[in-house]
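Counting the sequence shown from 1 gives a position; our numbering is that position plus 42.
C-beta: ideal position from N, C-alpha, C; glycine also.
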Amino acid sequence: MKKLVSVTLISAAVMLSGCTTVVSSIVDEPIQPNIGSRTFGGYVSDQLIEEITSVNLNKTSETLKQSHIVATTFNGTTLLTGQVPDQTTQQAAQAVAAQVRGVKKVENALTVAGATSFGVRANDAYLTAAINTALAKDLGFTLARRTKVTTEDGTVYLLGFLTENEIAQVTASAQSVGGVERIVALFERID
Numbered sequence: 043m044k045k046l047v048s049v050t051l052i053s054a055a056v057m058l059s060g061c062t063t064v065v066s067s068i069v070d071e072p073i074q075p076n077i078g079s080r081t082f083g084g085y086v087s088d089q090l091i092e093e094i095t096s097v098n099l100n101k102t103s104e105t106l107k108q109s110h111i112v113a114t115t116f117n118g119t120t121l122l123t124g125q126v127p128d129q130t131t132q133q134a135a136q137a138v139a140a141q142v143r144g145v146k147k148v149e150n151a152l153t154v155a156g157a158t159s160f161g162v163r164a165n166d167a168y169l170t171a172a173i174n175t176a177l178a179k180d181l182g183f184t185l186a187r188r189t190k191v192t193t194e195d196g197t198v199y200l201l202g203f204l205t206e207n208e209i210a211q212v213t214a215s216a217q218s219v220g221g222v223e224r225i226v227a228l229f230e231r232i233d
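This is the structure in structure tokens:
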């Protein structure tokens, strides 16, 4: 078994070392990573931040647990949406999110209000899906993949890595979906 693992590792190292040679023979100039794309590790890190934030919100206090709070993360920016009973809880939620490792910035869009109904949440889920579909259809899968959409009480939040022109295209595509009450763009510009 050890021999098989050793042979596999050596084979992989030999094959992967050839990748640089292949790329060098194809391109004429130095290359740079595409700053608009997310790495798989970045995607996983954002998902982990969302999960940790949600668990920590539920475990910090009973008031936070009883509130309707959704954490959405893109490239280390965590957006908090939902409803809380008071400003103290709103600030406490932000503090909890800010303490999560990997969070660079917290956008606090929590409202002081009663929790939304199941019908409102179902409509929000529909709007998010409809906008993601519209983005892929109107602008292509690559651009849609660089955008994250979440909806809370009819307000659509857009996050991502985009140029100024792409921001305008994504926003227009999202606005074309019926039922959108408001759009909040939280993009990182890459131009």
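For the region 127 to 146 against the region 165 to 175, are there 3 or more C-beta pairs whose distance is under 8 angstroms?
No, because fewer than three Cβ pairs between the region 127 to 146 and the region 165 to 175 fall closer than 8 angstroms, the two stretches do not touch.
State the Cα-Cα distance for the pair Y85 and S159, rounded to the nearest angstrom.
Within the sequence shown, the letter at position 43 stands for residue 85. Within the sequence shown, the letter at position 117 stands for residue 159. About 30 angstroms.
On the DSSP letters alone, give me the boundaries of the alpha helix (DSSP H) that K147 sits inside.
Indexing the sequence shown from 1 puts residue 147 at position 105. Where K147 is concerned, there is no enclosing alpha helix (DSSP H), although the beta strand (DSSP E) it sits in stretches over K147 to V154.
Out of curiosity, what's the CA-to-CA distance linking S79 and V154?
The sequence position of residue 79 within the sequence shown is 37, counting from 1. The sequence position of residue 154 within the sequence shown is 112, counting from 1. C-alpha separation (whole angstroms): 35 angstroms.
Do you know whose CA, among N117, S103 and I94, lies nearest R187's CA?
Along the sequence shown, read from residue 1 onward, the residue named residue 187 stands at position 145. Closest option to R187, Cα to Cα, is N117.
Based on DSSP bridge pairs, tell me the residues matched to L106.
For the purposes of this step, residue 106 is identified with residue 64 of the sequence shown, where counting begins at 1. Answer is none; L106 lacks a bridge partner.
Could you say which of L99, I209 and L121 lies nearest to R231 if we only look at CA atoms?
Here residue 231 refers to the residue found at position 189 when the sequence shown is read from its first residue. Checking every option, the nearest Cα to that of R231 belongs to I209.
Measuring CB to CB, does L181 end up less than 9 angstroms from V191?
Translated into the one-based positions of the sequence shown, residue 181 becomes position 139. Translated into the one-based positions of the sequence shown, residue 191 becomes position 149. Not a contact, by the Cβ cut-off of 9 angstroms.
Which residue or residues does DSSP assign as beta-bridge partners of L201?
Indexing the sequence shown from 1 puts residue 201 at position 159. Answer is K190 and L228, bridged to L201.
Just the Cα atoms here: how many angstroms apart are Y168 and N100?
Indexing the sequence shown from 1 puts residue 168 at position 126. Indexing the sequence shown from 1 puts residue 100 at position 58. Those two C-alpha atoms are separated by around 26 angstroms.
Could you check what DSSP says for A113 in three-state terms: helix, strand or coil?
Within the sequence shown, residue 113 is the residue found at index 71, counting from 1. A113 falls in the strand class under three-state DSSP.
Is DSSP giving G124 helix, strand or coil here?
For the purposes of this step, residue 124 is taken as residue 82 along the sequence shown, with counting starting at 1. Three-state result, G124: strand.
When you compare each of I91, D195 and T184 to V138 by their alpha carbons, which one comes out closest?
Locating residue 138 in the sequence shown gives position 96, where the first residue counts as 1. Measuring from the Cα of V138, the nearest candidate turns out to be I91.
Which residue from T213, G83, T81 and A140 puts its Cα closest to that of N98?
To locate residue 98, count along the sequence shown from 1; it is residue 56. Taking only the C-alpha atoms, the option nearest N98 is A140.
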